[in-house]
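Numbering (our numbering), first residue to last: 258 to 683.
The beta carbon of each residue, even a glycine, is placed where N, CA and C say it ideally should be.
Everything below concerns the one structure shown next.
Dropping the structure here:
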């Protein structure tokens with residue numbers, strides 16, 4: 258049985274979901290996409306736009322996983338600065354990766370406009386903020402590298418940083434006007450609807466239980482039928498299971514938690530985030546914040562490494578928001594929830610082809626809204642014949658992480674250490 262949508266602000270306020278009935282019987286397609294998050298939905302949409310007969314299979318409903326629970330921030334770029342990416346992958350591929358990843362927000366908002374997806378999209382920019390001197394130097398370095406490449410970034414310091422963020426905590430802030438935020442569950446549902454309108458078939462409540470290649474085709478088994486296809490795309494990210502055990506062991510699923518207020522008084526909104534940009538901190542543990550279209554503040558960060566319902570386990574996020582903006586003291590907090598994102602060992606997204614006609618993409622390291630949307634276009638090209646060397650992201654082998662079973666404990670310890678270091682400015 259499919260799992261119900263976990264409680265969250267998004268689940269409580271989202272527009273109705275499109276009908277995605279379970280698979281009923283056997284059928285054939287050109288491509289099967291497994292996973293109804295942003296990666297799978299964007300891939301299905303881009304494939305359908307190319308005239309491909311594509312079937313998407315989702316165990317629960319589109320947007321059930323991290324795609325429907327995340328902070329909604331449409332952030333540009335990769336984990337590393339452009340110079341580092343080019344050093345890691347060379348001047349040709351590295352520069353293509355930089356252009357691709359830093360253009361991902363514009364790709365996302367363009368797609369939203371083209372398909373008229375109602376998801377409270379606001380292209381109000383992103384703010385990368387640093388409060389420690391060393392982190393501030395990193396922000397200045399990132400801004401310099403971006404400006405050198407003609408990216409739409411500016412460096413804010415002192416009074417300009419305070420004016421943009423409503424607090425004097427930050428020493429340096431990089432603003433990128435291409436970014437912004439969305440209501441992510443609405444965005445996932447809108448992608449599903451757009452994919453259907455483009456000609457894709459989307460089945461919810463259809464867990465994939467088996468995958469095998471026979472007689473020159475892939476056979477994707479579910480409890481209610483099998484789909485035979487020339488190619489299969491796995492887009493399950495932080496909820497990757499044992500369909501391909503090595504793939505599951507190549508990423509570390511990490512819970513990120515969010516707390517949300519009731520709609521704030523307009524005067525409080527002006528004091529907190531005047532431009533309604535999406536802010537994320539450069540700290541030991543990333544904290545991210547935004548004010549949505551209804552005037553609610555959402556603050557997120559690493560939390561308990563297990564599912565939560567309600568904000569009692571993450572009151573430290575509320576306390577932190579109140580330290581940043583005293584105007585928040587006494588406001589009503591209404592929702593708290595979390596979900597799993599996927600972290601890779603090298604902090605780059607991973608695109609794999611473990612067998613002919615089998616593609617997997619996962620590991621956005623907290624930047625999944627924009628990157629997974631953009632990757633859907635790359636995956637669609639790859640699945641329909643584009644050579645790996647002509648893609649804007651590298652195709653890499655699946656490499657399981659050693660001692661994978663110990664990583665969840667290590668992540669919990671690292672989160673606690675990072676929170677303490679950030680709390681005391683260490």
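Return the CA-CA distance between residue 348 and residue 278, expressed in angstroms with no decimal places.
-> 46 Å
Report the three-state DSSP secondary structure of residue 419 (helix, strand or coil).
-> helix
For residue 449, the nearest candidate out of 372, 476, 410 (CA to CA) | 372
Beta-carbon contacts of residue 525 that lie in its chain and below 6 Å, excluding the five residues immediately before and after | 584
Boundaries of the beta strand (DSSP E) in which residue 538 is found, first to last residue | 535-538
Three or more beta-carbon pairs under 8 Å between the region 462-477 and the region 349-364, yes or no?
-> no
Whose CA, out of 366, 269, 324, lies closest to the CA of residue 622?
-> 324
Inter-residue spacing [alpha-carbon to alpha-carbon] between residue 628 and residue 576 = 31 Å
Does the region 398-411 come within contact of the region 430-444, defined as at least 3 CB pairs closer than 8 Å?
-> yes
Between which two residues does the beta strand (DSSP E) harbouring residue 593 extend?
-> 590-601
When DSSP labels each residue in this structure, what does residue 469 get in the three-state scheme?
-> strand
Cα-Cα separation, residue 471 to residue 269 | 44 Å
Could you give the residue range of the alpha helix (DSSP H) that holds residue 453?
-> 441-455
Got a sec? Which residues, its chain only, sit under 8 Å from residue 514 by beta carbon, not counting five neighbours each side?
-> 557, 558, 559, 560, 561, 565, 570, 571, 574, 593, 594, 595
Cβ-based burial, residue 308 [other Cβ within 10 Å; buried from 16] = exposed
Leaving out five residues on either side along the sequence, give the residues of the same chain with a beta carbon under 7 Å from the beta carbon of residue 265.
-> 326, 592, 594
Distance CB(residue 536)-CB(residue 422) smaller than 8 Å = yes
Which residues does DSSP pair with residue 510 in a beta bridge?
-> 599
Determine which residues share a DSSP beta bridge with residue 475 and list them.
-> 470, 486
Which term fits residue 632, buried or exposed, when burial requires 16 or more other beta carbons within 10 angstroms of its beta carbon?
-> buried
Use the C-beta contact count for residue 644: other C-beta atoms within 10 angstroms, 16 or more gives buried, fewer gives exposed.
-> exposed
Delimiting residues of the alpha helix (DSSP H) encompassing residue 503 | 502-505
When burial is assigned at 16 or more other CB atoms within 10 Å of the CB, is residue 447 buried or exposed?
-> buried
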